[in-house]
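Visitor:
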Amino acid sequence: LAKTTQPISMDSYEGQEVNITCSHNNIATNDYITWYQQFPSQGPRFIIQGYKTKVTNEVASLFIPADRKSSTLSLPRVSLSDTAVYYCLVGDVVTSGTYKYIFGTGTRLKVLA
Amino acid sequence: DSGVTQTPKHLITATGQRVTLRCSPRSGDLSVYWYQQSLDQGLQFLIQYYNGEERAKGNILERFSAQQFPDLHSELNLSSLELGDSALYFCASTPGQGARDANEQFFGPGTRLTVL
Chain A
23 LAKTTQPISM
33 DSYEGQEVNI
43 TCSHNNIATN
53 DYITWYQQFP
63 SQGPRFIIQG
73 YKTKVTNEVA
83 SLFIPADRKS
93 STLSLPRVSL
103 SDTAVYYCLV
113 GDVVTSGTYK
123 YIFGTGTRLK
133 VLA
Chain B
28 DSGVTQTPKH
38 LITATGQRVT
48 LRCSPRSGDL
58 SVYWYQQSLD
68 QGLQFLIQYY
78 NGEERAKGNI
88 LERFSAQQFP
98 DLHSELNLSS
108 LELGDSALYF
118 CASTPGQGAR
128 DANEQFFGPG
138 TRLTVL
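The following block contains the structure:
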């Protein structure tokens, strides 16, 4: 079974760049890597998705090495409102051939003034 | 607002009881996903339906079952409830089948289940 791990928590100051890494050493072939942000008592919200190399959108960048066994979410110039829990999501094909979605363990980011 | 609705918002019940959680996907989305989020287990994938058929299955207990109806709304049935079933239950939806599709999952606000 795929194990998808992330650092438990990180602290940062406003205006700094934050990089959060997810290890997914058993990612399913041809599967995408997706990152979500979650605030307390709310559903996760999509941030960014990628398959290979680097993807950038208006809020974040995603770096994926060639072996795709990890990915790094980069948040430029964080603000207090970025304080949340961040999850990566990958797919896994288990031995029975069925597909399942695996969320990472989550990283609690605290942005300080 | 993601466009995904879930009812009820809160549910309090006793051990041994049975409850039904309801999810309406975004307009036009054919896939519905169910997740359980508890403090000690994080976000756990339970099951996915695509256009009425089961598409992917996670660590869903035998006491739990789900279905997707012709109007595409979905229900998650939890029976013989135990204290450990207390959690937030989220539903998400996507237009396509998921599983290697570049699909962003849109999550509902969740149903908080408390089993006493």
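One line per chain: the protein sequences are A and B, in this order.
Residue numbers for the first sequence follow the numbering used here, beginning at 23 and rising by one.
Residue numbers for the second sequence follow the numbering used here, beginning at 28 and rising by one.
For glycine and all other residues, C-beta sits at the position ideal for the given N, C-alpha and C.
1. Contact between the stretch 102-118 of chain B and the stretch 132-142 of chain B is defined here as three or more beta-carbon pairs at a separation below 8 Å; is this criterion met?
2. Tell me whether ILE49 (chain A) is buried or exposed, calling it buried when 16 or more other Cβ atoms sit within 10 Å of its Cβ.
3. Along the stretch 32-66 of chain A, where does the CB come closer than 9 Å to a CB of chain B? Name the residues.
4. Here's a check: name, in chain order, each residue in its chain whose Cβ is nearer than 6 Å to the Cβ of PHE61 (chain A), leaving out the five neighbours to either side.
5. Mind pulling the chain B residues with CB within less than 8 Å of ILE124 (chain A)?
6. Does the beta-carbon of LYS25 (chain A) have 16 or more other beta-carbons within 10 angstroms, so that it is buried, or is it exposed?
7. When Cβ atoms are compared, which residues of the stretch 86-102 of chain B fall closer than 9 Å to chain A?
8. Ends of the beta strand (DSSP E) at ILE86 (chain A)?
9. Can you give me the C-alpha to C-alpha distance between SER63 (chain A) and TYR108 (chain A), rounded to a whole angstrom?
Guide: According to the data block:
1. A contact is defined here as three or more CB-CB pairs under 8 Å, and the stretch 102-118 of chain B meets this definition with respect to the stretch 132-142 of chain B.
2. Looking at its Cβ environment, which holds 16 or more other Cβ atoms inside 10 Å, ILE49 (chain A) is buried.
3. Listed in sequence order: ALA50, THR51, ASN52, ASP53, TYR54, THR56, TYR58, GLN60, SER63, GLN64, GLY65, PRO66.
4. Leaving aside the five residues that flank PHE61 (chain A) on each side, the residues in its chain whose CB is nearer than 6 Å to its CB run, in chain order, ALA106.
5. Chain B residues near ILE124 (chain A): PHE72.
6. Exposed, by the Cβ-count rule.
7. Residues of the stretch 86-102 of chain B whose Cβ lies closer than 9 Å to any Cβ of chain A, in chain order: ASN86.
8. Unbroken beta strand (DSSP E) run through ILE86 (chain A): 83-86.
9. Our two residues, SER63 (chain A) and TYR108 (chain A), have alpha carbons roughly 14 Å apart in a direct line.
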